[in-house]
Amino acid sequence: MQGLGLQLVKPHAEITEVWPRDGRVRLVGRIHGRPADGYWRLLLTRRGRAGHRLDYPAQVKGDRFESELLIADLAAAADTAEVEEWDIHLTDGEAELRAGRRLDDVHGKKKIMVFPEQRIHGLSVRPYYTVKDNLSLKCRTGAAT
Amino acid sequence: MTVHQIRQVRQIRTRPKVRYLLLHAYGRGGTIRTVMNQANSLVQAGWEVELVSALRRRDDIQFPLDPRVTVTTVVDEREEAYTPPSGVAGRWLGWRRGRLTEQPARHVPAGEFGHRYFNRYVEQRLIAYLSSLRDGILVTTRPALNFLAAEHATGGVVRVAQEHMNHGTHKHDVQKRIRETYPRFDAVAVLTDRDREEYERLLPGTRVVRIPNAVHSLDQVPSDHRSKIAVAAGRLFPQKGFDLLIPAWAKLVETYPDWQLRIYGSGEKKAELRALIEEHHLYNHVFLMGHTDRLDDELAKASFYVLSSRFEGLPMVMIEAMSHSLPVVGFDCPTGPSDVLTHGVDGLLVPPEDPDALADAMAKLMGDQALRADMGVAAVLTAASYGPDAVHPRWEALFGELHELHEHHERHGLAEQGHRAAGAAKGQRA
């Protein structure tokens, strides 16, 4: 039953670990539903602002991937918006696989799998799961809370 | 047999109405859940049962309750339940209610953990309710309510005090009131043998019975012990010791990185526990799951249960976990775990409040699926004696017996008392 269930989930980058530490966010996971060979990069796209993109190299071994992004880059890319959100993907240049955690049994990850916030150069950044269990970054300027 | 005698026989055989007085029947605590299980069993066995909620702060009951069980409220504290009073008398009553609500309780000692829910208004309304009871059986379910019932439910109702916490965890002012007032009860019901011995010593001459709480069902899906999930559950509150469990898990995360700890429950310490998870960098391994309506399903998915409490009465969720074939790792805290568990058979008990020892015991189960399975089988057998069929007939027997005794006293004792009262009155006049 479970095997059948897995096949029905769309190709995506299944996140298993999120490590917001030392000015970085390191991500570990598995490429799901698409051959993992080729050259992969971590891709951040700013929600609602086409063309705002950041990308980083990803190490892929079998279907396991690992990559990390720098908070300082988000701070440099920030403009006057009080809150901005970045969506996380993995891309091999053709497909853009959304990062998320969809293969386990935990419902409502937004409130359950909660990660610490890091503050760099006046920008507070926190990785979070969306209501659809995708992984995004929330960046806030202004006073720390 | 005269008609009078026949009526008396029928009265004895008629079951009395049972009223349970709860602080908040609309809440989610273990006591509430247990009392609802008892009420469901009694009503299914043909008894008339009413739940009386001292307060009401929510619209809906949170646990399954048989629709034949009636629920009433003494003080409704929901905002929408309050209609601004009209007329001079109404305004005066409204003003008086407000004034009494601001005054602290007089009959509930400050050391009662529920003290903050009481005030003069709640007390006065409860006293009026308790004084109005004339028949049946009244079961009060926490010290504050027990104290009020001991002094004010004196109109002819049979009284049973339930203690859901072990005696040692009560503050001194509460223990003092227990010694002063509990002898007035027809029976004091406790959860463990250790407590029964202690209350018998404290209350000589008072009937003390030990009836454990029952799990809601023994017909549960067993764990297959293959998942790498440990479960803990309870209110996010210092008593439950999750602040000890999180550092214990931190010691294991490198050796067992695939394992998850899922903590079910909500409560006032959530932010602190979240901070502790962040401090130990456990945000990929320890999850505050929040409240769930489907704890049974979650237990069935786990491989073992952890009890990190500083103290307990009788840990019901632990016994429920055992009914899912989950072995238990727990602190040997007062009282409860060791009354249920046998170390090395259906679980592992370690010295209380010792995170290192807790971590070692969890590691032992994490590294050995066969051990988890063996202990899981033993756990199901242990849980069987806490099934509704094993426990609820004991309440029926107690209530039946107390009622019969009461009827007997009414018939024989009251006549004597009547003579004495008449005699005294004559004496006064002479």
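In the order they appear, the protein sequences are chains W and E.
Using the working numbering, you'd call the opening residue of the first sequence number 45 and step up by one each time.
Using the working numbering, you'd call the opening residue of the second sequence number 6 and step up by one each time.
By construction, the Cβ of each residue, glycine as well, lies at the ideal position given by its N, Cα and C atoms.
Note that the structure is a prediction, hence the values are computed from the model and not measured.
The alpha-carbon of Phe292 of chain E is positioned some 14 Å away from that of Val311 of chain E. The residue from E:Leu98, E:His157, E:Val163, E:Leu278 with its alpha-carbon nearest to that of His414 of chain E is E:Val163. By the Cβ neighbour-count rule, Gln265 of chain E is buried, with 16 or more other Cβ atoms within 10 Å of its own. As the crow flies, the alpha-carbon of Tyr269 of chain E is around 21 Å from that of His29 of chain E. Note: Gln162 of chain W is bridge-paired with W:Val169 in the DSSP secondary-structure output. The residue from E:Glu303, E:Val396, E:Ser308, E:Gly161 with its alpha-carbon nearest to that of Asp379 of chain E is E:Ser308. Put simply, the CB of Gly295 of chain E is near chain W, with a gap under 8 Å to one of its CB atoms. Listed in chain order, the positions of the segment 281-313 of chain E with a beta carbon within less than 8 Å of a beta carbon of chain W are Glu283, His286, Tyr288, Asn289, Phe292, Leu293, Met294, Gly295, Lys306.
Uninterrupted alpha helix (DSSP H) stretches at least 4 residues long and entirely within the segment 85-117 of chain E occur at 92-107, given in chain order.
For Gly335 of chain E, the enclosing beta strand (DSSP E) has its first and last residue at 333-336. Here DSSP, grouped into helix, strand and coil, assigns Ser390 of chain E to coil. Between Phe190 of chain E and Ala155 of chain E, the C-beta gap is smaller than 8 Å, which places the two residues in contact. Ile156 of chain W has a beta carbon lying within less than 8 Å of a beta carbon in chain E. Residues of chain E whose Cβ lies closer than 9 Å to the Cβ of Val169 of chain W do not exist; the shortest such Cβ separation is about 15 Å. Interface flag for Arg231 of chain E against chain W is unset, since no Cβ pair is found closer than 8 Å.
Taking a contact to require three or more Cβ pairs closer than 8 Å, the segment 56-75 of chain E and the segment 23-43 of chain E qualify as touching.
Taking every protein chain shown into account, the CB of Thr19 of chain E has fewer than 16 other CB atoms within 10 angstroms, so this residue is exposed. With the criterion set as a beta carbon lying under 8 Å from some beta carbon of chain E, the members of the segment 134-160 of chain W are Asp149, Val150, Gly152, Lys155, Ile156, Met157, Val158, Phe159, Pro160, in sequence order. Closest in C-alpha terms to Thr186 of chain E, from the list E:Ala384, E:Gly173, E:Ala158, E:His169, comes E:Ala158. Within the segment 364-409 of chain E, the alpha helix (DSSP H) runs of at least 4 residues that lie entirely inside it are, in chain order, 374-389. Under the three-state reduction of DSSP output, Arg147 of chain E falls in the coil class, being neither helix nor strand. Contact between the segment 353-372 of chain E and the segment 201-208 of chain E is not established, with fewer than three Cβ pairs separated by less than 8 Å. DSSP places His76 of chain W within a strand segment (E or B) once states are collapsed to three. Selection W:Gly67, W:Gly144, W:Val62, W:Ile59 evaluated against Gly166 of chain W yields W:Gly67 as nearest (Cα-Cα). For Ala102 of chain W, the enclosing beta strand (DSSP E) starts and ends at 97-105.
The Cβ atoms of Thr145 of chain E and Leu319 of chain E lie no closer than 8 Å to each other.
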